[in-house]
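Okay, so here's the structure we're looking at.
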Amino acid sequence: MKNFGQKSWMLPQPVLIIGTYNADGTPNAMNAAWGGQWDAREIMISMGAHATTENLDRCPDFTVAFATKHTMVAADYVGIVSAKDDPEKMQKTGWTATKAKHANAPVFTDFPMTLECRIVKKIDVSEEGYYIVAEILNILVDESYLDAEGRPDVDRMGLITYNPINHAYHALGQQVGKAFVDGKALK
Ligand SMILES: Cc1cc2nc3c(=O)[nH]c(=O)nc-3n(C[C@H](O)[C@H](O)[C@H](O)COP(=O)(O)O)c2cc1C
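So for the sequence shown, the numbering used here puts the first residue at 2; every next one is plus one.
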């Protein structure tokens, strides 16, 4: 085994698109890899100091969409350009925004699946940002990504993950097993 010391190499990392409203009511989006499930109905995100952070200081609501192969280029773009520097930022994504029903935040309809969230706790608040714990108020799934039983069909969503070692995006592969089931073979 080779040692690499301390690095932010948790694998795999998600590609989360955080949707908020700017002060003028226009939608903004940013890319976040440092996030995940916190509790049964809560998620966490490690937020730096961004236009999104200022938006969240005004309003605790946001959306989280899961990036796909199809949205990858614009998903990366919203992670390298700030609305602080380019007020026209979102126009270049070509994404369509509607208003979420359960949160005061934009839903980008180009994504198969979106969480509507509200911050319940900010941890370690500083000028550099904070850690968000947020309640999942609702989950939206584009009906064309539902299976025969009406459940989200993850295999068909074309989701991507972030690889922090090579700064790369990878497509998620097909299902290879059944959780809580396949391990029983060794019981
Ligand atoms: C792959 C990738 C992952 C990122 N992950 C995070 C993250 O977890 N937390 C964070 O605060 N910023 C993260 N960023 C940076 C923000 O997305 C970036 O600063 C963005 O431009 C902020 O936009 P805004 O200022 O318009 O809100 C990431 C960027 C990329 C490209």
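Every residue gets a Cβ at the ideal spot worked out from N, C-alpha and C, and that includes glycine.
For the beta strand (DSSP E) containing residue i, name the first residue and the last one.
i      : result
Glu136 : Gly130 to Val142
Thr21  : Leu17 to Tyr22
Thr162 : Ile161 to Asn164
Ser47  : Glu43 to Met48
Gln38  : Gly36 to Asp40
His171 : Ala169 to Ala172
Asn4   : Where Asn4 is concerned, there is no enclosing beta strand (DSSP E), given that its DSSP letter is neither H nor E.
Pro28  : Pro28 to Ala33
On the CB-based measure, 16 or more other CB atoms within 10 Å of its CB, does residue i come out buried or exposed?
i      : result
Ile19  : buried
Ile161 : buried
His168 : exposed
Asn4   : exposed
Glu117 : buried
Val182 : exposed
Val65  : buried
Asp58  : exposed
Met91  : buried
Leu17  : buried
Val126 : exposed
Met31  : buried
Met158 : buried
I need the boundaries of the alpha helix (DSSP H) containing residue i, first residue and last residue.
i     : result
Leu57 : Ala52 to Arg59
Which residue from the options puts its Cα closest to that of residue i?
i      : options                           : result
Glu55  : Lys90, Tyr131 and Trp10           : Tyr131
Gln176 : Asp156, Gly184 and Ala186         : Asp156
Leu173 : Thr69, Glu89 and Val79            : Thr69
Ser9   : Asp77, Ala98, Pro165 and Thr94    : Pro165
Gln14  : Phe67, Ala52 and Lys185           : Phe67
Asp143 : Lys122, Phe112 and Ile133         : Phe112
Cys60  : Ala186, Lys123, Asp148 and His171 : Lys123
Pro153 : Arg119, Met114 and Asp58          : Met114
Lys102 : Gly36, Ile137, Gly178 and Ile44   : Ile137
Val74  : Ala180, Gly184, Lys185 and His171 : His171
Pro28  : Phe109, Ile44, Ile81 and Asp125   : Phe109
Ala106 : Met11, Leu141 and Ala50           : Leu141
Val82  : Arg42, Gly178, Ala52 and Met11    : Ala52
Would you verify that the beta carbon of residue i is, or is not, closer than 8 Å to some beta carbon of chain B?
i     : result
Asp86 : Protein chain content of the structure displayed is limited to a single chain, and chain B is not contained in it.
**Asked** Counting only runs that start and end within the stretch 55 to 115, where is the alpha helix (DSSP H) found for 4 or more residues in a row?
**Response** 73 to 78
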